[in-house]
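Enquirer:
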Amino acid sequence: AATRGADEKTQQMLQQFAGGMFKAFQSENKDSKPDTGEVPVFNFSVNHVDQNTAEAQMRLNAKGLGRLGDLQDLPGIGDQAFVSSDGMIMFRKGSKLAVIMFLSCPCGTEAVKPLAKELADSL
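Each residue of the sequence shown is one higher than the last, beginning at 1 in the working numbering.
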């Protein structure tokens, strides 16, 4: 039977990755008080599918998101990667697909690209 989601090693790596991101966001915005309601939003997911499905899903997402707005390829991240509207990075490495959403985050693509590369390299 196929399993869904990441294995334990990948889950631990992603938790450390997210913890580092949240610490960085907190140190960047020292003037914010906890009770102001300001919350940087950053999330990501990693899914394992078969190789053909992963490639087809990347093509489909690139085509659909490309019609909605700015879409740029991101060479050097996984086997295939793109950023959409400076708020979402999607990449594929083998049969694993990852999506990093940072639409409401105070960070931009340039800040997230190294993290996406690190995540892709670890898969």
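Don't be surprised by glycine CBs; every beta carbon is placed ideally from N, CA and C.
1. In whole angstroms, give me the CA-to-CA distance for E55 and F82.
2. Less than 8 Å between the beta carbons of G78 and K93, yes or no?
3. I'd like to check one pair, A120 with S45: are the Cβ atoms closer than 8 Å?
4. In or out: V112 buried (at least 16 other Cβ within 10 Å) or exposed?
5. Using 8 Å as the threshold, is the C-beta distance between V41 and C107 below it?
6. Distance, Cα to Cα, K117 vs K96?
7. Ignoring anything shorter than 4 residues or poking outside the stretch 38-87, list the alpha helix (DSSP H) runs there in chain order.
8. In or out: L68 buried (at least 16 other Cβ within 10 Å) or exposed?
9. DSSP on L97, reduced to helix/strand/coil?
10. Consult DSSP for A2 and reduce its assignment to one of helix, strand or coil.
Expert: Taking the structure as given:
1. 13 Å
2. yes
3. no
4. buried
5. no
6. 14 Å
7. 51-68
8. exposed
9. strand
10. Note that A2 scores 44 on pLDDT, short of 50, meaning its location in the model is unreliable and no value can be drawn from it.
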